[in-house]
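In short: position in the sequence shown from 1, add 1, done, that's the numbering used here.
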Amino acid sequence: MFLKKFKQTFMLLLLSLFIIPNNALAYSEYIMAGGENIGIELNSKGVIVVGTYKINNNDPANDAKLQIGDTIVTIENNEVNTIQEMVDKINTYESNKTISVGFIRGKERKTTDLTLYKDNNGVIKTGLYVKDSITGVGTLSFIDPKTKLFGALGHEIIEKNSGQILEVKNGKIFETDVTSIQRSENGNPGEKNARFYTDKVDGSIFENTKQGIFGNYTSNLPNKKLYKVAKVTDIKKGEAKILTVLNDSTIKEYSINIIRISNEDQKTKNILFEITDKELLEKTGGIIQGMSGSPIIQGNNIIGAVTHVVVDDPTKGYGIFITNMLEEAEN
2 MFLKKFKQTF MLLLLSLFII PNNALAYSEY IMAGGENIGI ELNSKGVIVV
52 GTYKINNNDP ANDAKLQIGD TIVTIENNEV NTIQEMVDKI NTYESNKTIS
102 VGFIRGKERK TTDLTLYKDN NGVIKTGLYV KDSITGVGTL SFIDPKTKLF
152 GALGHEIIEK NSGQILEVKN GKIFETDVTS IQRSENGNPG EKNARFYTDK
202 VDGSIFENTK QGIFGNYTSN LPNKKLYKVA KVTDIKKGEA KILTVLNDST
252 IKEYSINIIR ISNEDQKTKN ILFEITDKEL LEKTGGIIQG MSGSPIIQGN
302 NIIGAVTHVV VDDPTKGYGI FITNMLEEAE N
């Protein structure tokens with residue numbers, strides 16, 4: 002009897018050992034490299050305080066001890082996720098009414114009392130400047146053809162007024178055309194300027210993390226070459242290329258030289274490289290904003306994505322290992 006139980010247990014353990022590695026490596030061995038310039042719209046969980054103001058010498062935000070970066074999530078215990086929801090709720094109250102506001106600061110949930118006032122035009126005011134979404138430009142890094150998961154940017158999106166990572170309720174990526182380039186100079190990174198087509202949606206975003214933004218690709222999969230996903234040990238110093246858009250929607254290859262490879266508890270700055278492509282240097286002066294997420298290709302492998310510029314020398318930049326992005330997309 003004991004031997005029978007032991008055999009059953011042993012078989013279960015073997016089964017577990019075979020199952021776990023497959024779950025740990027759920028992404029495809031071959032994926033589509035991106036390079037497309039994309040518009041990004043993120044909608045926050047709650048309404049973010051980005052500034053404050055006085056109303057006829059009253060300072061309601063200060064009195065309520067609300068700060069820039071706080072995220073308002075309830076008004077009188079009613080959930081609010083958008084500015085319109087917040088305004089609709091506040092407009093049901095009269096001036097000089099004190100209301101209960103629930104908000105998140107860091108990882109802590111708090112409540113406070115906020116007094117409403119009318120301005121000189123009789124409009125009820127809170128003394129708060131707020132936002133509920135962020136829109137910008139970046140580069141698509143990959144699409145996994147098996148799961149239709151996509152990744153972009155290779156780093157998190159920060160709400161600039163608070164300096165905090167935006168907690169995402171939902172979002173989308175959509176088509177753009179690059180219209181012009183502001184060149185990078187030492188100490189002053191340039192940027193892509195783009196025309197947005199917000200109605201031409203290619204995917205829905207479900208996550209904003211330190212390894213990038215991730216979501217489900219909802220358009221038809223493009224007819225593109227598949228690249229093998231490189232293990233960290235496959236990546237070598239020396240020649241490589243990046244895929245990105247500098248004009249309209251045309252993806253082009255540009256040569257780079259990998260200087261250093263690092264896996265020392267780094268999640269985003271794994272690859273240090275310099276741009277060697279004369280055309281790219283002439284057009285951009287180096288890495289520019291909007292280039293984040295541009296896939297890095299070495300041989301027939303996709304090895305990473307561009308994440309950061311070296312501000313004092315924009316001809317150099319950093320990249321994240323593609324495996325770090327794929328693992329985060331699967332979480």
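Each residue gets a CB set at the ideal place from its N, CA and C atoms; glycine is no exception.
Taking its Cβ as the centre, do 16 or more other Cβ atoms sit within 10 Å of Ala34, making it buried, or is it exposed? For the purposes of this step, residue 34 is taken as the residue at position 33 of the sequence shown. That one is buried.
Sorted by chain position, which residues of the same chain lie with C-beta nearer than 7 Å to Lys242's C-beta, five sequence neighbours on each side aside? The residue you call residue 242 lines up with position 241 of the sequence shown. The answer, listed in chain order, is Glu254, Tyr255, Ser256, Ile257 and Ile298.
Spatial neighbours of Asp145 in its chain, beta-carbon cut-off 6 Å, leaving aside the 5 residues before and after: Translated into positions along the sequence shown, residue 145 becomes position 144. If we look at Asp145 and ignore the five residues flanking it on each side, its Cβ neighbours are Tyr28, Ser29 and Ile32.
If distances are taken between C-alpha atoms only, which option among Ile259, Gly291, Asn78 and Asp120 comes closest to Phe104? As a first step, residue 104 is located in the sequence shown; it is residue number 103 there, counting from the start. Residue Asn78 is the option with its Cα nearest to Phe104.
Lys173, enclosing alpha helix (DSSP H) - first and last residue: To locate residue 173, count along the sequence shown from 1; it is residue 172. Here Lys173 belongs to no alpha helix (DSSP H); instead the beta strand (DSSP E) covers Val169 to Gln183.
Roughly how many whole angstroms lie between the Cα atoms of Thr116 and Ala62? What you label residue 116 is simply residue 115 of the sequence shown in a count that begins at 1. What you label residue 62 is simply residue 61 of the sequence shown in a count that begins at 1. Distance between the alpha carbons of Thr116 and Ala62 is about 8 Å.
Using beta-carbon positions only, say whether Ile276 and Arg261 come within less than 9 Å of one another. Within the sequence shown, residue 276 is the residue found at index 275, counting from 1. Within the sequence shown, residue 261 is the residue found at index 260, counting from 1. It is not a contact, given that the beta carbons lie outside the stated cut-off.
For my contact list, Gly152 and Ala330 are in at a C-beta cut-off of 8 Å; report their separation, rounded to the angstrom. To locate residue 152, count along the sequence shown from 1; it is residue 151. To locate residue 330, count along the sequence shown from 1; it is residue 329. That belief holds up - the Cβ atoms of Gly152 and Ala330 are roughly 5 Å apart, short of 8 Å.
Excluding the 5 residues preceding and the 5 following Lys1 in the sequence, name in chain order all residues of the same chain whose CB lies nearer than 8 Å to its CB. Within the shown structure, residues of the chain are numbered from 2 to 332, placing residue 1 beyond reach of any answer.
Across which residues does DSSP place Ala34 in a beta bridge pair? As a first step, residue 34 must be located in the sequence shown, where it is residue number 33. In DSSP, Ala34 forms a bridge with Phe143.
Going residue by residue through the stretch 251-293, where are the continuous beta strand (DSSP E) segments of at least 3 residues, counting only ones entirely within it? As summarised for the stretch 251-293, the continuous beta strand (DSSP E) elements at least 3 residues long and confined to that stretch are 252-262 and 272-276, given in chain order.
Can you grab the Cα-Cα spacing for the pair Thr83 / Val246, in whole Å? Here residue 83 corresponds to residue number 82 of the sequence shown, with the count starting at 1. Here residue 246 corresponds to residue number 245 of the sequence shown, with the count starting at 1. Going from the Cα of Thr83 to the Cα of Val246 covers about 33 Å.
Taking buried to mean at least 16 other C-beta atoms within 10 Å of its own C-beta, is Ile159 buried or exposed? Here residue 159 is taken as the residue at index 158 of the sequence shown, counted from 1. With fewer than 16 other Cβ atoms within 10 Å, it is exposed.
Roughly how many angstroms separate the alpha carbons of Asp178 and Ile39, rounded to a whole number? Position 177 of the sequence shown, counted from the start, is the residue given in the question as residue 178. Position 38 of the sequence shown, counted from the start, is the residue given in the question as residue 39. Straight-line Cα distance between these residues: approximately 8 Å.
Go through its chain and collect everything with a Cβ distance to Ser263's Cβ below 6 Å, but skip five positions before and after it. Working through the sequence shown from its first residue, we reach residue 263 at position 262. Asn271.
Whole angstroms are fine: how far does the CA of Asn57 sit from the CA of Gly318? For the purposes of this step, residue 318 is taken as the residue at position 317 of the sequence shown. For the purposes of this step, residue 57 is taken as the residue at position 56 of the sequence shown. So the two alpha carbons sit approximately 49 Å from each other.
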